[in-house]
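In the UniProt record's numbering, the protein residues as written are 1 to 244.
Shown next, in the form of structure tokens:
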């Protein structure tokens with residue numbers, strides 16, 4: 001029997017507003033694993049861990065544009081694992097099919113074309129690899145809130161989840177070290193740290209450079225035996241810091 005009441009109509013509209021993937025998230029084993037992985041994160045415990053014993057994941061994305069909640073999508077993502085401040089050799093790097101055209105002005109920056117991503121996995125598939133890779137870690141990135149914002153948008157659509165991991169922004173750490181307030185590009189900070197960038201505006205190239213920059217800045221701000229919370233406090237003291 002079909003109910004044609006105002007309440008039934010309201011419930012129908014509310015259900016329709018929830019993405020199908022989010023409604024199925026608890027049934028799909030891979031999405032359930034993503035959801036459980038996100039819930040397993042213990043931010044306070046991660047922040048108390050000494051720098052030398054902390055697992056970090058350096059992250060960078062390339063996108064169709066700057067607006068995560070106005071139609072832009074990820075077209076490439078790279079992750080690099082550090083244990084303490086040392087690379088472990090474990091990396092993740094993939095193109096992503098955004099299921100929309102990549103604007104010419106974006107292609108001019110990262111050189112990724114529609115043809116490049118035509119056969120690439122979509123973001124839902126990619127996140128089923130990315131979130132387990134991130135696991136229990138502190139996230140690192142240059143303007144990392146930008147990357148987290150794009151991931152959180154899709155995670156919410158998929159399983160009503162979000163990254164709750166502590167994160168460190170190399171631009172903010174640079175400001176804490178140098179005392180220079182402003183909006184600094186990765187190449188500006190890399191120059192300060194005497195790091196050469198190979199493959200600027202590629203997710204992997206930028207992630208590699210960010211990892212090297214982080215190593216330099218972290219050693220200027222903290223000692224190996226001190227908790228990661230010291231770096232988080234240095235970052236927060238700079239200000240201009242918002243939750244993505």
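Beta carbons: idealized from backbone N, C-alpha and C, even for Gly.
*Residues bridged to residue 82 by DSSP?*
According to DSSP, residue 82 bridges with 56, 87.
*Would you tell me roughly how many angstroms separate the C-alpha atoms of residue 56 and residue 100, rounded to the nearest one?*
If you take the alpha carbons of residue 56 and residue 100, they lie about 32 Å apart.
*Closest residue to residue 164 among 175, 139, 234 (Cα-Cα distance)*: Checked all of 175, 139, 234; the closest Cα to residue 164 is 139.
*asked:* Which of the three DSSP states is assigned to residue 206 in this structure?
replied: Here residue 206 sits in helix by DSSP.
*In whole angstroms, what separates the C-alpha of residue 172 from that of residue 114?*
Approximately 34 Å between the Cα atoms of the pair.
*Use the C-beta contact count for residue 167: other C-beta atoms within 10 angstroms, 16 or more gives buried, fewer gives exposed.*
Residue environment analysis places residue 167 among the buried positions, since at least 16 neighbouring C-beta atoms fall within 10 angstroms of its C-beta.
*First through last residue of the alpha helix (DSSP H) which encompasses residue 169*: No alpha helix (DSSP H) contains residue 169, which is instead part of the beta strand (DSSP E) from 167-169.
*Return the Cβ separation of residue 231 and residue 174 in integer angstroms, given the expectation that the two are a contact with Cβ distance under 8 Å.*
Their Cβ separation, rounded to whole angstroms, is 12 Å, which puts residue 231 and residue 174 out of contact at 8 Å.
*Report all residues from its chain with a CB closer than 6 Å to the CB of residue 120; omit the five preceding and five following residues, and keep chain order.*
In its chain, beyond the 5 residues on either side, 95, 96, 97 have a beta carbon closer than 6 Å to the beta carbon of residue 120.
*Starting from residue 46 and walking both ways along the alpha helix (DSSP H), at which residues does that stretch end?*
Residue 46 -> alpha helix (DSSP H) spans 43-48.
*Check the C-beta distance from residue 116 over to residue 145 and give it rounded, since I have them as a contact under 8 Å.*
Going by Cβ atoms, the distance from residue 116 to residue 145 rounds to 26 Å, so no, they are not a contact pair.
*Could you tell me the boundaries of the alpha helix (DSSP H) in which residue 102 lies?*
Where residue 102 is concerned, there is no enclosing alpha helix (DSSP H), given that its DSSP letter is neither H nor E.
*Mapping DSSP to helix, strand and coil, what is residue 76?*
Reduced to three states, the DSSP call for residue 76 is strand.
*asked:* Alpha carbons only, please: which of 36, 75, 40 is nearest the one belonging to residue 310?
replied: Residue 310 is absent from the structure shown; the chain starts at 1 and stops at 244.
*Indicate whether the contact test is met: 3 or more Cβ pairs, each with one atom in the region 149-156 and one in the region 184-201, closer than 8 Å.*
Segments in contact, no.
*What do you reckon, are the CB atoms on residue 118 and residue 207 nearer than 7 Å?*
No, these two residues do not count as a Cβ contact at 7 Å.
*Hey, out of 105, 62, 50, 67, whose CA is closest to residue 223's CA?*
Checking every option, the nearest Cα to that of residue 223 belongs to 50.
_Cβ separation of residue 41 and residue 136, assumed to be a contact under 8 Å, to the nearest whole Å_ = About 7 Å separates the two Cβ atoms, so the contact holds.
*residue 181 classed as buried or exposed, judged by whether at least 16 other C-beta atoms fall within 10 angstroms*: Classification for residue 181: exposed.
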